[in-house]
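Novice: Residue 129 in UniProt numbering sits at position 129 of the sequence shown; the count goes up by one each step and never skips.
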Amino acid sequence: MTANRTNKNNDGGFIILMLLMATTVMMTPSLVYNAAASTAKATNSIAISESNDNHQQLLTANTDRGTDVYTNNEAVIVSGTISRSILKEGESILSRVYYPDGTLYQQKAVGVLADGKYTYRVEMDDFLGIPAGEYRVVVSYADYQAETRFVHVIEYGENPEAVRVSSAVT
Numbered sequence: 001m002t003a004n005r006t007n008k009n010n011d012g013g014f015i016i017l018m019l020l021m022a023t024t025v026m027m028t029p030s031l032v033y034n035a036a037a038s039t040a041k042a043t044n045s046i047a048i049s050e051s052n053d054n055h056q057q058l059l060t061a062n063t064d065r066g067t068d069v070y071t072n073n074e075a076v077i078v079s080g081t082i083s084r085s086i087l088k089e090g091e092s093i094l095s096r097v098y099y100p101d102g103t104l105y106q107q108k109a110v111g112v113l114a115d116g117k118y119t120y121r122v123e124m125d126d127f128l129g130i131p132a133g134e135y136r137v138v139v140s141y142a143d144y145q146a147e148t149r150f151v152h153v154i155e156y157g158e159n160p161e162a163v164r165v166s167s168a169v170t
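1. Starting from residue 105, follow its DSSP beta bridges and name the residues at the other end.
2. Return the first residue and the last residue of the beta strand (DSSP E) that residue 75 is part of.
3. Per DSSP, residue 133 forms a beta bridge with which residues?
4. Rounded to a whole number of angstroms, what is the C-alpha to C-alpha distance between residue 98 and residue 84?
5. When you compare only the Cα positions, how much space is there between residue 52 and residue 73?
6. Between which two residues does the beta strand (DSSP E) containing residue 113 stretch?
7. Which residues does DSSP list as the beta-bridge partners of residue 120?
8. Identify whether residue 58 lies in helix, strand or coil by the three-state DSSP scheme.
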């Protein structure tokens, strides 16, 4: 990008414009739900990225499965990365998992490796009385947030409980 300055009084505006362009942050949500097949498709994460030529993702959150559908007694593995441009040694991410009704199910601090990667488990055990539905995972680091979702299905023998989830990402 090139910019021509025509007078010396415009330097402050030019600098502010350049700072705004350099710090623009965008969110790219995608959650696809196929009701006919009763499976949530992958790519159900929101990644926070810098608006520059390489679209470097600053913070990501993903689940470990292509379908993102989990049955009772299965652990959900959540993982992601933090860009080295915002990573500070020794800091953790804060993970919040929300029930289908939007109330908080679990909150915990998760350590981040030196390369910016993190991984942790969300337990969905029967004895916890976990309801079926779509769960939202929000990961926070500094001033950034990323989000992913998964579906928990309760199975009784061969007939899983029918679950209808919303495809809205907020």
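C-beta: ideal position from N, C-alpha, C; glycine also. The structure presented is a predicted model; accordingly, all values stated were derived computationally and were not measured.
Specialist: Reading from the atomic positions:
1. DSSP, once it has assigned bridges, lists no residue as partnering residue 105.
2. Unbroken run through residue 75: none, as it is neither H nor E.
3. 152
4. 28 Å
5. Note on residue 52: pLDDT 41, under 50, position unreliable in the model; the coordinate value appears next. Rounded to the nearest angstrom, the two C-alpha atoms are 42 Å apart.
6. It is not in any beta strand (DSSP E) - residue 113 carries neither H nor E in the DSSP assignment.
7. 78
8. strand
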